[in-house]
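Note that the protein sequences, when read in sequence, are chains A and B.
No gaps in the numbering here: position 96 of the first sequence is 97 in this note's numbering, and each next residue is one more.
No gaps in the numbering here: position 39 of the second sequence is 40 in this note's numbering, and each next residue is one more.
This report concerns only the one structure given below.
Number of protein chains: 2
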Amino acid sequence: MKNKEKIKPFKKEKIFLSHSYFKYPLPAMLLKELSTELKDINLYPSGGGYSQLCQVLAEHVGVNRENILPTNGSDEVIEIVTRAYQGEVLIPIPTFFQYEVSADRSGLPKVLVNCLHNREYNINYSAKQLKKTSLIWICNPNNPTGTGIPREKIIDILQRTKGMVVVDECNYEYLEETMVDLIDKYDNLVISRSFSKNFGLAGLRLGFAISNPQNIRRLAAFGQYFRVNRMAEKAAEKVLKYLDYYQKAWEKIKKTRDKFVRQINELGFFAYDSKANFVLVEFRDKEECKKIWKHLKERGVYALPGWENEFSGLGDQFIRFTIGEDWEMDRVVEALSDYVKRCRRGDLNPHRHTPTTP
Amino acid sequence: MKNKEKIKPFKKEKIFLSHSYFKYPLPAMLLKELSTELKDINLYPSGGGYSQLCQVLAEHVGVNRENILPTNGSDEVIEIVTRAYQGEVLIPIPTFFQYEVSADRSGLPKVLVNCLHNREYNINYSAKQLKKTSLIWICNPNNPTGTGIPREKIIDILQRTKGMVVVDECNYEYLEETMVDLIDKYDNLVISRSFSKNFGLAGLRLGFAISNPQNIRRLAAFGQYFRVNRMAEKAAEKVLKYLDYYQKAWEKIKKTRDKFVRQINELGFFAYDSKANFVLVEFRDKEECKKIWKHLKERGVYALPGWENEFSGLGDQFIRFTIGEDWEMDRVVEALSDYVKRCRRGDLNPHRHTPTTP
């Protein structure tokens with residue numbers, strides 16, 4: 002019964018597509034179960050090894066308890082990994098900015114490698130870069146481009162470096178491809194996952210690292226004893242009972258996403274194919290992008306432009322849209338369509354809209 | 002109405018006095034208010050500056066918003082401060098072990114200064130130590146001795162060092178003495194507070210640092226953007242509406258504590274005077290202490306002995322008891338009284354109980 006709850010969308014006047022959180026309500030029964038845990042929040046979380054939580058996460062992922070390190074959101078995986086494997090950090094831009102933030106915090110040298118050429122995101126580290134580095138970031142699917150990174154490419158990198166390769170799979174639930182089966186084969190592989198984006202627990206902060214037991218022990222030494230709060234700890238187990246609900250939501254979001262990509266491209270802008278819950282749109286230049294950003298904002302649509310510093314190495318001609326419900330994405334398409342029409346009429350000159358797709 | 006809720010004790014078979022959490026239930030109305038926040042846990046916490054949370058905490062403490070840094074429990078204040086002011090760390094033992102853990106994590110040199118002489122805990126750093134150090138810890142009241150540190154002593158230290166002096170006031174609610182009024186006068190003063198121990202939010206993890214805006218900005222650079230979860234963020238404001246309830250509970254705990262200290266001393270053991278929600282008891286030696294620890298455990302009483310590594314520099318002849326409800330502390334006293342009687346009869350030989358108070 003509880004697994005068959007209907008997915009009812011939130012109703013909001015403004016459309017917030019900046020943060021890539023789960024935009025559907027959590028199952029009502031789940032919320033009820035969670036509320037019964039509140040009476041025990043005077044107690045400390047399990048702390049330290051978080052063995053019960055590790056067990057739950059390990060079963061979910063299909064590994065052993067010793068392969069798991071729960072963290073205060075997957076941002077903390079980034080922070081801990083950075084502190085544990087200090088040295089030169091390879092960052093494939095444009096990508097999520099926290100890799101850079103954590104490297105800066107530890108005062109580490111960064112190499113920002115541009116992987117976006119001719120509107121294709123391809124990770125292409127040189128042999129020299131891979132030899133020198135201590136830590137290599139791969140966001141899969143990449144944020145903000147939404148690109149899935151081919152498995153062979155990641156294996157190739159694992160084989161060509163002694164640095165630690167961290168695959169950020171915080172959007173695994175949309176890509177459905179993982180490197181988890183290789184944690185015993187490659188000593189230098191750490192995987193990061195999250196409950197924020199796709200399970201609707203962004204507010205509770207729950208992420209985890211997956212690797213061999215030796216790496217996990219090393220990482221654990223850099224985390225605080227009580228790093229995961231008690232509600233997040235309890236929520237993991239409960240949330241996973243509602244996988245059916247989430248899977249339905251993810252399917253729905255994928256459909257909405259693919260339709261959105263088509264519609265944006267039909268309008269003459271360039272939307273990147275996405276394997277995540279967001280879509281990156283490239284406009285002609287910064288000026289056009291700023292104009293469109295303002296146009297959208299005036300219509301109550303908030304999305305994340307390149308200049309907001311949420312990404313490393315993303316130009317000002319980009320806006321990332323989190324995929325919301327159909328009606329929300331329809332509003333974005335309408336607004337953009339309206340922009341195109343106005344441009345044709347000359348309302349929004351001097352910079353007329355020029356279709357950028359071939 | 003909601004502020005007048007009766008304090009009803011939990012009923013449990015075993016008596017857990019190891020962790021120093023708030024052992025009374027949270028107000029029912031508060032739990033209800035918190036449960037309404039669960040539906041929004043798909044949203045991220047405010048993040049970054051946490052300005053609304055800072056405002057709430059600042060008003061509570063009587064400072065400005067810019068003086069506050071909210072953290073994932075006060076353990077994170079310890080971690081962040083240690084990372085921000087790297088160098089030699091002065092730790093006044095016996096004391097809370099996290100100061101040492103964080104120093105070790107950053108690979109910093111530690112100076113453990115023994116402050117317990119003739120059953121009196123006095124912080125006595127030498128001029129040489131104060132000159133050389135980057136970071137000085139003062140736990141007030143000290144954990145585990147429960148000793149309140151005189152204000153003049155802390156001011157004296159502030160004046161004699163250029164190192165950062167961190168006063169851990171996570172048990173301020175029992176001591177009711179603070180250094181907060183001096184954050185503008187002394188550039189090298191940071192204060193740490195917690196909602197875990199005395200507001201019953203140990204499970205949610207909420208601590209904060211108080212200092213001048215310049216120090217707070219420096220500390221902030223070492224914390225993650227989403228370090229405090231959304232439930233903790235919301236709970237702070239709600240909890241503070243029930244101050245009356247908490248104050249009544251704290252008064253009750255203080256009475257229970259002082260009675261417990263008297264009773265322990267009457268039995269011939271040595272209980273330290275405490276300004277916190279725990280009491281440290283010193284037994285003749287490690288052997289007697291281990292025997293008593295086992296004796297208590299067999300009677301369902303769990304407390305924290307020196308050998309459990311929760312404290313820096315605490316001998317094996319000590320046990321720290323968190324103050325629970327009256328009936329719990331009565332059970333401890335009964336068990337110890339029973340131990341004394343058996344010793345007199347010779348049941349627990351070869352080490353007969355020898356009263357250790359003058």
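A virtual CB, placed ideally from N, CA and C, is assigned to each residue, including glycine.
Just to confirm my understanding: we take residue i, look at its own chain, exclude 5 residues before and 5 after, and list those with CB closer than 7 Å. What are they?
i: B/Trp294; result: Pro306 and Ile320
i: A/Leu31; result: Lys239, Val240 and Tyr243
i: A/Leu220; result: Leu70, Ile81, Val82, Ala85 and Ala210
i: A/Leu268; result: Leu337, Ser338 and Val341
i: A/His296; result: Ala336 and Tyr340
i: A/Gln264; result: Val334
i: B/Arg346; result: none
i: A/Met2; result: For A/Met2, the predicted model reports a pLDDT of 40, less than 50, meaning its position is unreliable and no value from the coordinates is stated.
i: A/Gln87; result: Ser107, Leu109 and Ser135
i: A/Tyr187; result: Leu159
Residue j and residue i - do their beta-carbons sit closer together than 8 Å?
i: B/Leu91; j: B/Leu159; result: no
i: B/Ile324; j: B/Phe261; result: yes
i: B/Asn189; j: B/Asp169; result: no
i: B/Ser313; j: B/Glu101; result: yes
i: A/Leu315; j: A/Pro46; result: no
i: A/Met180; j: A/Ile155; result: yes
i: B/Asn73; j: B/Lys198; result: no
i: B/Tyr362; j: B/Ala203; result: There is no way to answer for residue 362 of chain B, as the model of chain B reaches only from 2 to 359.
i: A/Glu89; j: A/Lys133; result: yes
i: B/Gly208; j: B/Glu178; result: no
i: A/Lys40; j: B/Pro26; result: yes
i: A/Val167; j: A/Ile184; result: no
i: A/Phe322; j: A/Leu18; result: yes
i: B/Ser36; j: A/Ser36; result: yes
What residues match up with residue i in a beta bridge as DSSP calls it?
i: B/Ile139; result: B/Val168
i: B/Glu288; result: Answer is none; B/Glu288 lacks a bridge partner.
i: B/Phe312; result: B/Phe97
i: B/Ile324; result: DSSP, once it has assigned bridges, lists no residue as partnering B/Ile324.
i: A/Ile69; result: A/Ile211
i: B/Phe271; result: B/Glu283
i: A/Phe17; result: A/Tyr303
i: A/Asn115; result: A/Ile94
i: B/Ser195; result: B/Gly208
i: A/Tyr122; result: A/Leu117
i: A/Leu190; result: A/Val166
Measure the beta-carbon distance from residue i to residue j and round it to whole angstroms, keeping in mind my assumption that it falls under 8 Å.
i: B/Gly201; j: A/Ile42; result: 7 Å
i: A/Phe97; j: A/Asn68; result: The Cβ separation is near 23 Å, so there is no contact.
i: A/Ser276; j: A/Tyr175; result: Contrary to the premise, residue 276 of chain A reads as Lys rather than Ser in this sequence. Contact flag correct, Cβ pair sits at about 6 Å.
i: B/Ser212; j: B/Val229; result: That belief does not hold up - the Cβ atoms of B/Ser212 and B/Val229 are roughly 17 Å apart, past 8 Å.
i: B/Pro164; j: B/Asp274; result: Here residue 164 of chain B is Gly; the residue named in the question, Pro, does not match the sequence. Contact flag wrong, Cβ pair sits at about 29 Å.
i: B/Cys171; j: B/Arg194; result: 6 Å
i: A/Lys287; j: A/Asp317; result: 4 Å
Near residue i, which residues of its chain fall below 8 Å by C-beta distance, leaving aside the five closest residues on each side in sequence?
i: B/Ile16; result: Gly301, Val302, Tyr303, Gly325, Glu329, Arg332 and Val333
i: B/Gly48; result: Tyr226 and Phe227
i: A/Arg106; result: Glu80 and Thr83
i: B/Arg66; result: Ser52, Cys55, Gln56 and Ala59
i: A/Gln130; result: Leu91, Val112 and Val114
Note down, in chain order, each residue of its chain lying with its Cβ closer than 6 Å to the Cβ of residue i, except the 5 sequence neighbours on either side.
i: B/Leu205; result: Met232, Ala233 and Ala236
i: A/Glu34; result: Lys239
i: A/Ser103; result: Ile79, Glu80 and Thr83
i: A/Pro93; result: Val114, Cys116 and Ile124
Check whether the Cβ of residue i sits closer than 7 Å to any heavy atom of the ligand GDP, and report yes or no.
i: B/Gly204; result: Ligands are entirely absent from the displayed structure, and the ligand GDP is therefore not among its contents.
**Message:** Short of 9 Å Cβ to Cβ, which residues in the stretch 43-72 of chain A face chain B?
**Reply:** Correct list: Asn43, Leu44, Tyr45 and Pro46.
**Asked** Going along the stretch 115-145 of chain A in order, which residues come within less than 9 Å of chain B, judged by CB to CB distance?
**Response** Per Cβ criterion, the list is empty.
**Prompt:** Any residues in the stretch 252-281 of chain B with a beta carbon nearer than 7 Å to a beta carbon of chain A? Which ones, in chain order?
**Reply:** Listed by position along the chain: nothing, the set is empty.
**Item:** Interface residues of the stretch 206-230 of chain A facing chain B [CB-CB below 8 Å]
**Value:** Correct list: Arg206, Ala222, Phe223, Gln225, Tyr226, Phe227, Arg228 and Asn230.
**Message:** Under 8 Å, CB to CB, which of the residues in the stretch 8-38 of chain B have a partner in chain A?
**Reply:** If the cut-off is 8 Å between Cβ atoms, the stretch 8-38 of chain B has His20, Tyr22, Phe23, Lys24, Tyr25, Pro26, Leu27, Leu32, Leu35 and Ser36 near chain A.
**Asked** According to a CB-to-CB cut-off of less than 9 Å, which residues of the stretch 171-202 of chain B neighbour chain A?
**Response** Under the 9 Å Cβ criterion, the stretch 171-202 of chain B contributes Ser197, Phe200, Gly201 and Leu202.
**Request:** Quick one: which residues of the stretch 319-333 of chain B get their C-beta closer than 9 Å to a C-beta of chain A? List them in chain order.
**Result:** When C-beta distances to chain A are compared with 9 Å, every residue of the stretch 319-333 of chain B stays at or above that value.
**Message:** Beta carbons nearer than 7 Å to chain A: which residues of the stretch 74-95 of chain B have them?
**Reply:** Against chain A - using a Cβ distance shorter than 7 Å - the residues of the stretch 74-95 of chain B are Gly74, Asp76, Glu77 and Glu80.
**Selection of the stretch 102-116 of chain A by Cβ proximity to chain B, strictly under 7 Å** = Per Cβ criterion, the list reads Arg106.
**Asked** Which of the residues in the stretch 294-306 of chain B, read from start to end, lie with their CB under 8 Å from any CB of chain A?
**Response** Listed by position, the residues of the stretch 294-306 of chain B near chain A (Cβ gap below 8 Å) amount to none.
**Request:** Check distances from the C-beta atoms of the stretch 146-161 of chain B to those of chain A and list, in chain order, the residues that come in under 7 Å.
**Result:** Along the stretch 146-161 of chain B, none of the residues has a CB nearer than 7 Å to a CB of chain A.
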